[in-house]
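Numbering (our numbering), first residue to last: 8 to 233.
Given below as structure tokens:
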């Protein structure tokens, strides 16, 4: 297995010291299957079972940096997966809530995070609904791709908050988006990178079941298709 010396790589655009420190402190080899530990410190995504992956470290760093976290930030993560990204977030702020739709992944991630003393709160559920009981959040990170940004996640974002999520209809047509909510609830969006993520698993529901969410969905669609 490649050692952690010199980890993480010196990516020229990852300049936040807190993000680099979080990657350096988090043992990625504990979050991958034993047979893949020799590749744990390569800058690649790796399968973790059930059709899911642990993200490429550069993308983990890019998404984390985009949120501009501080030790006081309240963060909602959608898609716990292996728990690696959760651990990175929790190294920067102890206020992390994470939702995973697959019970077996959630259980295994919870055990890893508990073993590392990670303070994040986890639950099994439909990530597209967020976790309204603890809203609002200063930052929302979605680690799976959807055809749209779930409006409930933006609704749970605090004024001044930032959301990062891959959006696209297929693995070959995905864009990593950053959405920021202004103090007046205005929304601003920025393209960050072309990416490839596993699809977001969510329940189907009528798009107009909640008028406020339906209106927000339309605003997000207009924002991302300008």
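For every residue, glycine included, the Cβ atom is placed at its ideal position computed from N, Cα and C.
On a CA-only basis, which of the options is nearest residue i? Give me that one, please.
| i | options | result |
| --- | --- | --- |
| residue 48 | 58, 56, 62 | 62 |
| residue 233 | 196, 200, 220, 46 | 196 |
| residue 169 | 143, 123, 42 | 143 |
| residue 59 | 70, 42, 111, 201 | 111 |
| residue 221 | 176, 94, 162, 199 | 162 |
| residue 95 | 45, 207, 29 | 29 |
| residue 204 | 190, 182, 100, 158 | 182 |
| residue 100 | 150, 43, 126, 177 | 126 |
| residue 33 | 22, 17, 68 | 68 |
On the DSSP bridge list, what partners appear for residue i?
| i | result |
| --- | --- |
| residue 148 | 84, 171 |
| residue 56 | 59 |
| residue 129 | 105 |
Look at the alpha carbon of residue i and the alpha carbon of residue j, and state the distance between them as a whole number of angstroms.
| i | j | result |
| --- | --- | --- |
| residue 164 | residue 141 | 11 angstroms |
| residue 98 | residue 152 | 24 angstroms |
| residue 56 | residue 124 | 24 angstroms |
| residue 26 | residue 93 | 13 angstroms |
| residue 192 | residue 166 | 6 angstroms |
| residue 54 | residue 150 | 14 angstroms |
*If we count Cβ pairs, one from each stretch, closer than 8 angstroms, do we get three or more for the region 185–202 versus the region 113–123?*
Touching, no.
*Segments of 3+ residues assigned as beta strand (DSSP E) that fall wholly inside the region 157–208*: Counting only runs of at least 3 residues, the region 157–208 fully encloses the following beta strand (DSSP E) elements, listed from N- to C-terminal order: 164–174, 181–188, 194–202.
*Are there three or more Cβ pairs, one per stretch, closer than 8 angstroms when the region 71–79 is compared with the region 124–144?*
no
*Kindly provide the ranges of any beta strand (DSSP E) runs that are 3 or more residues long and lie completely inside the region 61–120, ordered along the chain.*
82–85, 103–107
*Pair every Cβ in the region 99–107 with every Cβ in the region 77–88, then say whether three or more of these pairs are closer than 8 angstroms.*
Contact annotation: the region 99–107 touches the region 77–88, with at least three C-beta pairs closer than 8 angstroms.
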